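Heads up: the structure comes next, in structure tokens.
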Amino acid sequence: MKKWSAVLKVDGQVISAIPNLLGANARIFAHYDPVFWNQHVVFDPAAVDQMHVDAGLRIVRKAQYLGRYDIHMLIPWTKIAARFPHPQLYRLFKLATYFGIGLPLSRLPLEPSRRLAPYIVGVYALSKRSFSA
């Protein structure tokens with residue numbers, strides 16, 4: 001973050017959006033693709049804010065969970081498909097998953113939450129004090 005903050009002008013803003021690795025889909029991701037999962041670092045909104053503050057940025061809008069549930073976010077579909085003995089069974093499974101889980105959950109009028117939101121998003125700026133340091 002410190003290297004990236006160096007390219008900001010004074011009062012310049014950056015929007016940070018990261019995948020929510022604390023959500024429901026993250027468990028599926030970790031189960032079906034542990035090698036790729038282990039390359040990731042899990043952050044909550046407070047940690048995202050702190051990372052930016054430590055880099056000399058000020059918080060314009062605190063990080064928060066954002067977005068509606070997305071059945072495709074973080075799901076390693078190719079790894080799951082490899083476990084099915086026949087491609088048609090996989091297609092049926094994926095359609096059932098989408099219409100049975102993904103579509104209904106994406107339509108619920110819920111506030112973004114740790115379990116269902118696909119992203120963590122915050123807005124930060126370089127202040128004059130950070131610039132002179």
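Counting from 1, position 11 in the sequence shown corresponds to residue 11 in the working numbering; the numbering is continuous, with no gaps.
We put the beta carbon where it would ideally sit given N, CA and C, even for glycine.
Here the structure is a predicted model, which means the values were calculated and not measured.
A direct Cα-to-Cα measurement between residue 22 and residue 103 gives close to 20 angstroms.
In the DSSP assignment, residue 39 is bridged to no other residue. Taking 8 angstroms as the cut-off, the Cβ atoms of residue 59 and residue 124 count as close. In the structure shown, the three-state DSSP call for residue 17 is strand.
In this structure, the beta-carbon distance from residue 18 to residue 119 falls below 8 angstroms. By the C-beta criterion, the stretch 45-53 is judged to be in contact with the stretch 1-19, since at least 3 inter-stretch pairs fall below 8 angstroms. Shown here for residue 128: same chain residues with a beta carbon closer than 8 angstroms to its own, the five before and five after excluded, namely 10 and 11 in chain order. Residue 102 has no beta-bridge partner at all, per DSSP.
Annotation for residue 74: 19, 25, 26 and 29 place their beta carbon closer than 7 angstroms to its own, counting only its chain and skipping 5 residues before and after. Excluding the 5 residues flanking it on each side, residue 61 has same chain C-beta neighbours closer than 7 angstroms at 122 and 123, in chain order. Residue pairing for residue 57: DSSP places it in a beta bridge opposite 126. Residue 5 and residue 88 have their alpha carbons spaced roughly 49 angstroms apart.
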